[in-house]
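Throughout the sequence shown, residue numbering follows the numbering used here, covering 7 to 100 in sequence.
For every residue, glycine included, the Cβ atom is placed at its ideal position computed from N, Cα and C.
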Amino acid sequence: MAPEWVYNFPITSKVDVYSYGIVVLEIVTGKKPTSVQVFDEIMNPVLEGKFDKAKTELLVKVALQCVEEDKEARLDMRQVVEMLQFNEEELSLI
């Protein structure tokens, strides 16, 4: 749950960004995100190692920026999409 809900702060679109980040982290790790661990240790075991490490690292980095407690430090969804699209283009060149 976004800190804004807990502390009864004004609700903005950054609440949705926070939720997006939490969902991505839960999908990638298969767990509720409570702490950052070594990347290989946090991966969802259901994936059985079948994932593109560079793309998954990018997704986790973006998700972590989405779950910043300070809403001003969070990305907005336009920035999320831009980061994922831009980096997808870079990764495809490798």
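Practice item. Let me know the secondary structure DSSP gives lysine 67 once reduced to three states. Key: In the sequence shown, counting from the first residue as 1, residue 67 sits at position 61. Look at lysine 67 here: in three-state DSSP terms it is helix.
**Study point:** For asparagine 93 and valine 66, the rounded distance between their alpha carbons
**Key:** Indexing the sequence shown from 1 puts residue 66 at position 60. Indexing the sequence shown from 1 puts residue 93 at position 87. Approximately 13 Å, taken between the alpha carbons.
Review point. Would valine 68 be called buried (16 or more neighbouring beta carbons within 10 Å of its own) or exposed?
Key: The sequence position of residue 68 within the sequence shown is 62, counting from 1. When all chains shown are included, valine 68 counts as buried.
Check your understanding: Is the Cβ-Cβ distance between tyrosine 24 and arginine 84 less than 8 Å?
Key -> Within the sequence shown, residue 24 is the residue found at index 18, counting from 1. Within the sequence shown, residue 84 is the residue found at index 78, counting from 1. With contacts defined by Cβ atoms closer than 8 Å, tyrosine 24 and arginine 84 do not form a contacting pair.
Review point. Just how far apart, CA to CA, sit leucine 31 and lysine 37?
Key: Working through the sequence shown from its first residue, we reach residue 31 at position 25. Working through the sequence shown from its first residue, we reach residue 37 at position 31. Roughly 8 Å between the two C-alpha positions.
**Study point:** CA nearest to the CA of isoleucine 48, picked from Val34, Val73, Leu64, Glu78
**Key:** Residue numbering aside, residue 48 sits at position 42 when the sequence shown is read from its first letter. Closest option to isoleucine 48, Cα to Cα, is Val34.
Review point. In angstroms, rounded to a whole number, what distance separates the CA positions of threonine 62 and lysine 77?
Key: In the sequence shown, the residue the question calls residue 62 occupies position 56. In the sequence shown, the residue the question calls residue 77 occupies position 71. One C-alpha to the other measures close to 24 Å.
**Study point:** Between the CA atoms of valine 52 and aspartate 58 - distance to the nearest angstrom
**Key:** Numbered from 1 along the sequence shown, position 52 holds the residue referred to as residue 58. Numbered from 1 along the sequence shown, position 46 holds the residue referred to as residue 52. Just so you know, the alpha carbons of aspartate 58 and valine 52 end up roughly 14 Å apart.
Point to revise | Length of the line joining the Cα atoms of aspartate 82 and lysine 56 | key: Position 76 of the sequence shown, counting from 1, holds the residue named residue 82. Position 50 of the sequence shown, counting from 1, holds the residue named residue 56. One C-alpha to the other measures close to 30 Å.
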